[in-house]
Amino acid sequence: MAFLCVEGLSDISVVTKLEGIATFTGMLNSQGQFNYELGGKQYSGYRRADSRISKYIWEALGDAKTVLNIGAGTGSYEPTDRYILAVEPSEVMRRQRPPHLCPAIRATADALPFDDASIDAAMAVLTLHHWPDRAKGLGELRRVTRGPIVIMTFDSSAPTEFWMFDYCPEMKVVEQKRYGDLASIVSHLPGTHQVLPIPVPRDCTDKFQVALYARPEEFLNPEVRGSQSAWKFLPPGAEERFVQKLTTDLKSGAWESKYGHLRTRETINCQLRLIVASPTHELGR
Ligand SMILES: C[S@@+](CC[C@H](N)C(=O)[O-])C[C@H]1O[C@@H](n2cnc3c(N)ncnc32)[C@H](O)[C@@H]1O
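Going letter by letter, the sequence shown gives residues 0 to 284 in numbering that gives the first Met the number 0.
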């Protein structure tokens, strides 16, 4: 299989073939999605809601009294001042929910066990890129939600100050394929849409990749990378090459001289976005 050793990979079709290898290792399921039963065990240790990001979500939910959290995971970003309906397919993730939060219902976005227009608002935080049928899932979200649907995701075609793609060009291809473009997301949500860039703070407690822009050493911890699903979609050897190059550059000072100025930057402009999709008329009333 010649594609196993491709350097500087840039063809999405090649990445698709490579996903077969991750499936073989069990980290992706038969639909090519990240397997949270195996890969989600360390999630709550490193992926904790950041209070500054929480504010964006809380405000976007408006005066909703009932909120559906879809792909709820371990409960990050769930407001505690509203009635929450949490939906999460992975048992490993459901079991990491802290005791002060409601238990999560076992279901997936494409078949929600709720009546039409029965919930005030919905939130979907860093989950859409995991859904095998995004159109169906968004249709279901719109069906059950009367008011705003709040989606936190990455706009993979937007500019970014993050240095990851310099160190791992394969990551750019992988992320573009996983996240898709924002237009295709909102096309499934009739009504009005607002898209807000979310600045990521330097000491962000939710350690998704860009959150570590000023803390490159954290990437050398395999548990930190293990809590970030993107690594499992890379071609074989790419993660190891990244770790090796970053280790060398941190030792030699090469990272510092190129990106050291980011260590003191309070926030970074990146691809993190909040989509707020509202129906033209509140549904079901
Ligand atoms: C990166 S985690 C985000 C969890 C949580 N929202 C957070 O911000 O920490 C993605 C979550 O989406 C869930 N997920 C995957 N496929 C899904 C689907 N088809 N429907 C709903 N949730 C799904 C995963 O099980 C996982 O818990």
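Ideal Cβ placement from N, Cα and C applies to all residues, glycine included.
When the Cα atoms are used, what is the spatial distance from residue i to residue j?
i, j, result
"S89", "Y76", "18 Å"
"E216", "L249", "8 Å"
"S297", "S43", "Beyond the ends of the chain as shown, which are 0 and 284, falls residue 297; an answer cannot be given."
"G136", "H99", "28 Å"
"R299", "S251", "Any answer about residue 299 is impossible in this case: the structure gives the chain only from 0 up to 284."
"A253", "F241", "14 Å"
"C203", "R141", "31 Å"
"S29", "L37", "14 Å"
"T53", "N268", "The question names Thr, but residue 53 in the sequence shown is Ser. Distance between the alpha carbons of S53 and N268 is about 17 Å."
"R262", "R214", "7 Å"
"K40", "R201", "25 Å"
"A110", "R264", "43 Å"
"G225", "G70", "18 Å"
"G236", "F164", "16 Å"
"P189", "E239", "43 Å"
"M26", "F113", "30 Å"
"V185", "P221", "35 Å"
"R81", "L60", "10 Å"
"A21", "T79", "Per-residue confidence for A21 stands at a pLDDT of 48, beneath the threshold of 50, marking its modelled position as unreliable; no derived number is given."
"K171", "R105", "32 Å"
For residue i, which of the options has the nearest alpha-carbon?
i, options, result
"L245", "C269, S228, Y212, A229", "Y212"
"S277", "V223, R177, T144, E36", "T144"
"E160", "Q270, N28, G25, R46", "Q270"
"T247", "H187, R264, S183, Y166", "Y166"
"T126", "P147, A110, E87", "E87"
"K257", "I197, V91, R272, W162", "W162"
"G74", "S183, F153, E255, A48", "A48"
"G72", "V91, P78, R81, D80", "V91"
"T266", "E238, E239, P196, P221", "P196"
"L181", "L219, R272, P112, F164", "R272"
"H128", "G179, G190, L219", "G179"
"S183", "V172, K171, F153", "F153"
Determine the contact status of residue i and residue j, defining contact as a CB-CB distance below 7 Å.
i, j, result
"S155", "E174", "yes"
"V194", "M151", "no"
"P131", "Q243", "no"
"E58", "A108", "no"
"I56", "V199", "no"
"V223", "Y45", "yes"
"A134", "H187", "yes"
"P147", "V275", "yes"
Is it right to say residue i is buried, meaning 16 or more other beta carbons lie within 10 angstroms of its own, or is it exposed?
i, result
"F23", "Annotation note: pLDDT 45 at F23 (below 50); position unreliable, no value reported."
"R96", "buried"
"A121", "buried"
"H280", "exposed"
"P234", "buried"
"A85", "buried"
"G259", "exposed"
"R177", "buried"
"A103", "buried"
"E255", "exposed"
"L219", "exposed"
"T15", "Caution applies to T15, whose pLDDT of 43 falls short of 50 and renders its modelled position unreliable; the model cannot decide the point."
Measuring only between beta-carbons, confirm whether residue i sits less than 7 Å from chain B.
i, result
"T266", "Among the chains in the structure shown there is no chain B, since it carries only a single protein chain."
Taking 8 Å as the cut-off, does the segment 115 to 128 touch the segment 59 to 75 (at least 3 CB pairs, one atom from each stretch)? yes
The segment 222 to 230 touching the segment 196 to 209, judged by at least three CB pairs closer than 8 Å: yes
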